[in-house]
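Undergrad: Structure below; questions to follow.
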Amino acid sequence: MSTALDRIIEYKVDEVAALKRERPLAELADRILKARKPRGFAHALDQVAGHDENALICELKRKSPSAGDILPGADPVAIAQEYEYGGAACLSVLTDGPSFGGSLDDFQAIRSVVTLPMLRKDFMIDSYQVVESRAYGADCVLVIMACLSDGQAEELTGTALELGMDVLLETHNEEELERALKLPSPLIGVNNRDLKRMVTDLSTTERLAPLIPDGKVLISESGVSSAESIDRLRKTGARRFLVGESLMKMEEDRTQLVTKMRVTGKD
Numbered sequence: 469m470s471t472a473l474d475r476i477i478e479y480k481v482d483e484v485a486a487l488k489r490e491r492p493l494a495e496l497a498d499r500i501l502k503a504r505k506p507r508g509f510a511h512a513l514d515q516v517a518g519h520d521e522n523a524l525i526c527e528l529k530r531k532s533p534s535a536g537d538i539l540p541g542a543d544p545v546a547i548a549q550e551y552e553y554g555g556a557a558c559l560s561v562l563t564d565g566p567s568f569g570g571s572l573d574d575f576q577a578i579r580s581v582v583t584l585p586m587l588r589k590d591f592m593i594d595s596y597q598v599v600e601s602r603a604y605g606a607d608c609v610l611v612i613m614a615c616l617s618d619g620q621a622e623e624l625t626g627t628a629l630e631l632g633m634d635v636l637l638e639t640h641n642e643e644e645l646e647r648a649l650k651l652p653s654p655l656i657g658v659n660n661r662d663l664k665r666m667v668t669d670l671s672t673t674e675r676l677a678p679l680i681p682d683g684k685v686l687i688s689e690s691g692v693s694s695a696e697s698i699d700r701l702r703k704t705g706a707r708r709f710l711v712g713e714s715l716m717k718m719e720e721d722r723t724q725l726v727t728k729m730r731v732t733g734k735d
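Heads up: take any position in the sequence shown, counting from 1, add 468, and you land on the working numbering.
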């Protein structure tokens, strides 16, 4: 029986093949030459976490397989500005269309109005997507270990680093973490959501955090829905968090919640 992740990767293969036919790499390379330099995603996180505050990667997505439509009719640009005003360290923007309702048009529109570093969050299976990400102004890309071989993960990571981007290596269990730790990027995401079953459990970070060695940086992802959840996760040593649906679902006071979550637990 196929999982939600299997189905996404299945259509992503066709999507990338179509993109390669429509827009050759040479065209993307020309666009990169005109693009501004990456804004320093990892550095922005360090600047906040270094003061014992919580470095928040605030996410923008229109829908998800687990939640359905999150906030119909929402303006992602306006929400991104609210995140920035609230003190987010970075942004994460879903660009997958079929499952998350996102696009590179959303990414570009947000990039043009905020100063924060931005993660292009998509299901990367080919280095073409990494080059495309930089061409559209991404400062960081996501590499999901659950849907990649070691060779694919190494190629995607290497391409991104060569282009000056940061790489968030996403893991969910011990085996994926062990594989990710062999790659050169220091950013290790622990996704509390099982992408195959779409079940979220904060104990995933609690279990894996002690296995992340010095020199690598823990980012807890998914299920970070409140100041209380951040308090709980800070006990693992985490100071960097990716926060998504809980903020997107709010229709007001989004800026205030970002501010509160940023300073939660600080002495």
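Built from N, CA and C at the ideal position, the CB exists for glycine as well.
For residue 656, which beta-bridge partners are listed by DSSP?
TA: 637, 686
Undergrad: Straight-line CA distance for residue 546 to residue 620?
TA: 36 Å
Undergrad: Measuring only the C-alpha atoms, how far is residue 599 from residue 717?
TA: 32 Å
Undergrad: Put residue 703 into one of helix, strand or coil per three-state DSSP.
TA: coil
Undergrad: Note down the Cα distance separating residue 654 from residue 606, rounded to an integer number of angstroms.
TA: 18 Å
Undergrad: For residue 643, which of 723, 635, 672 has the nearest alpha-carbon?
TA: 672
Undergrad: If you draw a straight line from the C-alpha of residue 585 to the C-alpha of residue 544, how long is it?
TA: So the alpha carbons of these two residues sit roughly 16 Å apart.
Undergrad: When the Cα atoms are used, what is the spatial distance from residue 725 to residue 552?
TA: 12 Å
Undergrad: With residue 483 as the anchor, note down where its alpha helix (DSSP H) starts and where it stops.
TA: 472 to 490
Undergrad: Relative to the alpha-carbon of residue 691, which residue among 683, 703, 658 has its alpha-carbon at the smallest distance?
TA: When each option's Cα is compared against that of residue 691, the closest is 658.
Undergrad: Is DSSP giving residue 628 helix, strand or coil here?
TA: Of the three classes helix, strand and coil, the one that applies to residue 628 here is helix, per DSSP.
Undergrad: Output yes or no for whether 7 Å exceeds the beta carbon distance between residue 526 and residue 559.
TA: Going by beta carbons, residue 526 and residue 559 fall inside the 7 Å limit.
Undergrad: Following the continuous beta strand (DSSP E) through residue 523, name the residue where it begins and the one where it ends.
TA: 523 to 528
Undergrad: Per DSSP, what kind of secondary structure is residue 555 in: helix, strand or coil?
TA: coil
Undergrad: Within a Cβ cutoff of 8 Å, which residues of the same chain sit near residue 627, ignoring the five residues on either side of it in sequence?
TA: 595, 598, 599
Undergrad: With a CB to CB cut of under 6 Å and the five nearest residues on each side skipped, what residues in its chain are close to residue 496?
TA: 599, 600, 603
Undergrad: Please state the DSSP three-state secondary structure of residue 502.
TA: helix
Undergrad: So who's on the other strand from residue 609, going by DSSP bridges?
TA: 588, 635
Undergrad: Using the rule of at least 16 other Cβ atoms within 10 Å of the residue's Cβ for burial, across every protein chain shown, is residue 639 buried or exposed?
TA: buried
Undergrad: From the DSSP output, in three-state form, read off residue 507 for me.
TA: coil
Undergrad: If you follow the alpha helix (DSSP H) that residue 575 is in, where does it begin and where does it stop?
TA: 572 to 579
Undergrad: Which two residues bound the contiguous beta strand (DSSP E) that contains residue 711?
TA: 708 to 711
Undergrad: Would you mind sorting residue 712 into buried or exposed? The rule is 16 or more other CB atoms within 10 Å of its CB.
TA: buried
Undergrad: Among 516, 483, 733, which has the Cα closest to the Cα of residue 694?
TA: Of the candidates 516, 483, 733, the one whose C-alpha sits nearest the C-alpha of residue 694 is 733.
Undergrad: Who are the Cβ neighbours of residue 667 in its own chain at under 8 Å, not counting the five residues just before and after it?
TA: 661
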